[in-house]
Amino acid sequence: MSEEQLNHQNRLLLYGTVTISGAAVMMLELLGTRIIGPFYGVSLYVWSSLISVALIALALGYYLGGLVADKQTRFRLSYAIALAGLTTAVIPLVSRPILLWTNDLGLRAGAFTSALLLFSLPLTCLGMVGPQVIALAARRRAGVGMAAGSVFAVSTVGSVVGTLLLGFFLLPALGSRVILYGVSAALILLAIVVALYERRWGQAGLGPVAAAAIATGAGLWLQPNLGPTEHGDYRLVHQAESHYGWVRVVDDRARRVRWMLSDASVISALRLDTRGPVLSYQKIIAALPHLHPEGRNALLIGLGGGYIAMAFAAQDIDTDALELDPEVAKAAQQYFLYEPSGALLVGDARYEIRRLNQQYDFIVHDCFTGGSVPSHLLSVEMLADLDRLLKDDGLLALNFVGFTEGPEADAAAAVYRTLGEVYPHRLALVSLPGETFNDFVFLVSRQPISLESEDAAWLAAHEYPMPSGGDLITDDFNPLERLQVAKAERYRTLLLERMGPMLLAF
C-alpha cells in the first residue's frame, strides 16, 4: 500500500474485509451446534466447547496476525482469508469421520475435541485478519489507536450482522451445509478481491489465492452425499433442520418400531404394526385419566410424535399441545399419525404458557425424555406458571429420565423437592421397577392423589418411594445441567448401542 493517507477506496476495502470476517466468525461458531449437536446433543457442554475453541483459535490468530504484520513476511492478508475459506469448505466433508473418531472420548471430551478439530483452523485464519488490517490501515497514519479502534468496532458490527443474518434469515431458509459453503465462497471471493488490491500495491501475486479457490471448488464438486441412511436394521426415513436442530425419523425394521430423534435425543416412538407405545413412561401417562375420570381436557408440553395426545383423545380428552420445534410438529403429523384433538401451539413453553388463560384437568410436562436438558423449563417459577393453568382438582405429570440410586439420583431428588414447593401432594412412579436408570413420572396436585382404586392398581405397582432432600431448582439457581452429567452420558451410550453412530453423525 502507498505510504500516504488511506483513500476512500482502500478504507472501504479494509473495513469491508473485517466486516465480512467478523460475520464469518459468528456464523461458524453458531453453526457448530448444528454440526456437533446431532451427535453430542445441544447442551452446555457443546456450547462451552465451541466458545472455548473459538476463543483459543481467535487468540492464536490475533498473535499470528500481529507477528506476520510486524515482520512483513510474504504471508499476506489475502492468504489468511483464502485459507479461512478453504478450511470452512472442508468442515462438512470431514465432520462425519471426525465425529465418529471422537465418539470413544465420551460426551465432554468428544464434544471439545470435535469442535477443536473442525473449527480451529478457519477461526485461527479469521483471527489473523484483524491485526493485518490494523497494520495496513495504520501505516503512515497519525494514530495507530484510532486505526485499531475502528477495525475492532467494524469487526464487531460484522459479527452482529452475521449473527442476525444467520438466525433470522439464513437458517430458516437454508441448511447448515449450504450456509457453510456460502460462507466459504464469500471468503474466497473476498480473498480474490483483496489479492487484486495487494497486486496493485506491489505486495503479492494471485497464485496462492487462485490455488485456494481451485481447491475449494474441487472440494465442493467432490463432496460426498449426506451419508448412509441405514445402519443394521435401522433406516433413516426423514430428516429436517429447523431453528432448533435436526429432527430425524428412523425405522427399526426388525422390531417394527418408528423412532423420532431431535439431535441426539429420542423424543418419541411408535409400534408400526399396532400403533401402540414403545416408551414405558408413555403407558403410565396414558393411564392417568383413571386417577381423574371426570377430566375432559389436557395440556401437553412437548408434543414429540403425539402419542400421549392421541391416547388422551381416545379417552375423550381434548388435548392442546405445545411444541417448540415446528419440524417436530410436522413429523408427528406426517410420520406418527398425529391428529390434533385441540389446539397445536408452536413456540417456547415459557413464553406460550404465559399467554394461555384456559385451565386444564391434566397437564403433562414431557420435555425431559432425551439426553439434553431444557433446564429453563423446570424451576419453581415455571411450575408456578403451570399451576395457574391447572384446575383445583387437576393433575400435573412430569416425565424425567434419571437414576434411582447413588449420587446420580440427586437430579431426580431435586425435581421432586422442587415440585413439592408448589404442590402439597406429590408421588413418583418409575417405568421399570427395580432398574437403576429409569423414566420417572412425577404426579402432583392440590388434592390428595390416590392409587387405591382397581383402575389404578397397575399404576400403584410402579410407585417409587422418593427420598427427602435435594436441591431447590429456581430460575436463579438451576443445577440441572450439572446434576444430569451422568444421565446424559449413560443415555448417549445406550442410544449409540441401539442405533449406531452413523445415523447421528452430520
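Position in the sequence shown (first residue = 1) + 212 = the numbering used here.
Every residue, glycine too, gets a C-beta built ideally from N, C-alpha and C.
The stretch 584-594 and the stretch 543-552 do not touch, with fewer than three beta-carbon pairs separated by less than 8 angstroms. The DSSP-derived three-state label of residue 472 is strand.
For residue 482, the uninterrupted beta strand (DSSP E) segment begins and ends at 477-483. Check the Cα spacing between residue 538 and each of 531, 559, 546 and 521: the tightest is with 559. Going by DSSP, residue 308 is part of the alpha helix (DSSP H) stretching over 289-313. Beta-carbon to beta-carbon, residue 379 and residue 269 are separated by about 22 angstroms, too far to satisfy the 8 angstroms threshold.
Excluding its 5 nearest sequence neighbours in each direction, residue 613 has C-beta neighbours in its own chain below 7 angstroms: 580, 581, 651, 699 and 703, listed in chain order.
If the five residues before and after residue 679 are omitted, its C-beta is found closer than 7 angstroms to the C-beta atoms of 625, all from its own chain and listed in chain order. Taking 7 angstroms as the cut-off, the beta carbon of residue 388 is found closer than this to the beta carbon of residue 246. Within the model, the alpha-carbon separation for residue 324 versus residue 240 is close to 15 angstroms.
By the C-beta density criterion, residue 546 is exposed, having fewer than 16 other C-beta atoms within 10 angstroms. Scanning its chain for C-beta atoms nearer than 7 angstroms, with the 5 sequence neighbours on each side dropped, one finds around residue 649 the residues 615 and 702, in chain order. Residue 604: member of the beta strand (DSSP E) spanning 602-615, first to last residue. In the pairwise beta carbon analysis, the stretch 631-646 is classified as touching the stretch 660-678: at least three pairs are separated by under 8 angstroms. Boundaries of the beta strand (DSSP E) harbouring residue 639: 637-642, taken from the DSSP string. Taken through DSSP and simplified to helix, strand or coil, residue 713 comes out as helix.
For residue 346, the closest C-alpha among the options 694, 249 and 230 is that of 230. With contacts defined by Cβ atoms closer than 7 angstroms, residue 293 and residue 402 form a contacting pair. The shortest C-alpha to C-alpha distance from residue 344 to any of 600, 280 and 333 is the one to 280.
Counting C-beta pairs with one atom in each stretch, the stretch 516-536 and the stretch 679-699 have fewer than three that are closer than 8 angstroms, which means they do not touch. Shortest Cα-Cα distance from residue 337 to any of 290, 646 and 460 involves 290. Segment contact: the stretch 568-578 against the stretch 600-608, three or more CB-CB distances shorter than 8 angstroms; contact assigned.
By the C-beta criterion, the stretch 250-270 is judged not to be in contact with the stretch 382-397, since fewer than 3 inter-stretch pairs fall below 8 angstroms.
Residue state for residue 553 is assigned as coil, using DSSP reduced to three classes. For the set 406, 491 and 474, the Cα lying nearest the Cα of residue 455 is the one of 474. Here DSSP, grouped into helix, strand and coil, assigns residue 528 to coil. Across the set 548, 317, 406 and 518, the C-alpha of 518 shows the shortest separation from the C-alpha of residue 535. The closest CA to that of residue 484, considering only 478, 462 and 476, is found on 462.
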